Amino acid sequence: MYHQRQPLCVGLATAALFTLLLTVGCSNSTPGSSATTAPQPTAVLGASGSTFIAPLMAKWVSAYQQAHPTVVINYRPMAAGAALRR
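If you read the sequence shown in our numbering, its first letter stands for residue 178, the second for the next number, and so on.
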């Protein structure tokens, strides 16, 4: 029964993360405004999930943060056993 739930949980967690990323990505920035200093984070997202998809998540997070520098994403991969204990 555990093995049947694991793919579903990973899929739901991934879908939730991307929904959150898309929601945060739709910001109301004003055209023509430029900052002379590094932008301050407007959102800090924390997520944990599968160690299997961690390399892919690292690429996605990097690409997203380049496109949206005011969003900070902290993805923490963890083994299934650690996730179940939480």
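Beta carbons: idealized from backbone N, C-alpha and C, even for Gly.
If you're wondering where the values come from, they're calculated on a predicted model, not measured in any experiment.
Measure how close the beta-carbons of residue i and residue j come, nearest whole angstrom, since I'm counting them as under 8 Å.
| i | j | result |
| --- | --- | --- |
| Thr219 | Ala256 | With a Cβ gap of about 32 Å, Thr219 and Ala256 do not count as contacting. |
Taking the C-alpha atoms as reference points, what is the distance between residue i and residue j?
| i | j | result |
| --- | --- | --- |
| Ala231 | Ile250 | 13 Å |
| Pro254 | Thr214 | 32 Å |
| Ala235 | Gln242 | 10 Å |
| Val248 | Ala224 | 13 Å |
| Gln217 | Ala244 | 14 Å |
What is the residue span of the alpha helix (DSSP H) that residue i lies within?
| i | result |
| --- | --- |
| Ala240 | Ala231 to Ala244 |
Which residues bound the beta strand (DSSP E) around residue i?
| i | result |
| --- | --- |
| Ala220 | Ala220 to Gly226 |
Which one or two residues does DSSP pair with residue i in a beta bridge?
| i | result |
| --- | --- |
| Pro254 | Gly226 |
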